[in-house]
Amino acid sequence: NIPEANLVKAPTTSTTMMLALGDAIAVSLINEKKFDDNQYRHFHPGGKLGLDLLKVKSVMRVGEFIAKVNQSSKIEEVLLEITSKCLGCTAVVDDNNKLIGIITDGDLRRNIYKKIDGNEFMNQTAFAIMTPSPLTINQEMLVVEAVAIMNKNSITSLIVSDEEKNILGIINLQDCLRIGF
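Going by this note's numbering, the letters in the sequence shown line up with residues 41 to 221, in that order.
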């Protein structure tokens, strides 16, 4: 019998000991059953810990929701793609559908009055104004890591691609905020 830590015998020491004992049992069972992050995410998808374990592939935009244009697309098509997908950017692909660049709203604003090779802005191609070799991430990355990269680089979207530069999706900071990040 362990005395409580106060004069009125309210449970203090005993409750703390039970918490420690419960934690010790939980840790022992986690180790014995080899319970890992994937199992935790499956059984507890909500809450802060579940969000911290969420992977990019779970929240990225895919398929028709990816903003993407060909390198030879004219600015009008670029503007329509950026506007219709509400991402503030579009990926630029070559004729083999491989990622070669990105165009952001900022790129459009910076180039609106520039003549490139004697051509007015609206006669430019995506290739002429894109930022080549954009920052990309892997779909297996944790969303919390992707958000940190976006914050560090002051950007709002990241292209998700594989090693061969195939676009798998786009993750957007607003989408991350909507789910609780």
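No residue lacks a Cβ here, since even glycine has one placed at the ideal position from N, Cα and C.
C-beta contact flag for residue i and residue j at 7 Å
i           : j           : result
residue 111 : residue 132 : yes
residue 121 : residue 130 : yes
residue 168 : residue 113 : no
residue 96  : residue 186 : yes
residue 213 : residue 190 : yes
residue 140 : residue 134 : yes
residue 176 : residue 199 : yes
residue 184 : residue 76  : no
residue 215 : residue 102 : no
residue 138 : residue 74  : no
residue 145 : residue 128 : yes
Assigned exposure category for residue i - 16 Cβ within 10 Å defines buried
i           : result
residue 220 : exposed
residue 52  : exposed
residue 207 : buried
residue 107 : buried
residue 197 : buried
residue 162 : exposed
residue 94  : buried
residue 170 : buried
residue 172 : exposed
residue 209 : buried
residue 67  : exposed
residue 174 : buried
residue 109 : buried
residue 115 : buried
residue 49  : exposed
residue 156 : exposed
Host alpha helix (DSSP H) of residue i (start-end)
i           : result
residue 47  : That residue, residue 47, is in no alpha helix (DSSP H); it is neither H nor E in DSSP.
residue 125 : 115-125
residue 169 : 166-169
residue 215 : 213-218
For residue i, the residue or residues it bridges with in DSSP
i           : result
residue 110 : 133
residue 95  : 182
residue 208 : According to DSSP, residue 208 bridges with nothing at all.
residue 172 : 141
residue 159 : 156
residue 177 : 200
residue 101 : 210
Range covered by the beta strand (DSSP E) that runs through residue i
i           : result
residue 198 : 197-201
Residue i beta carbon near the ligand FAD (any heavy atom closer than 6 Å)
i           : result
residue 101 : Of the ligands one can find in the structure shown there are none, so the ligand FAD has no counterpart to examine.
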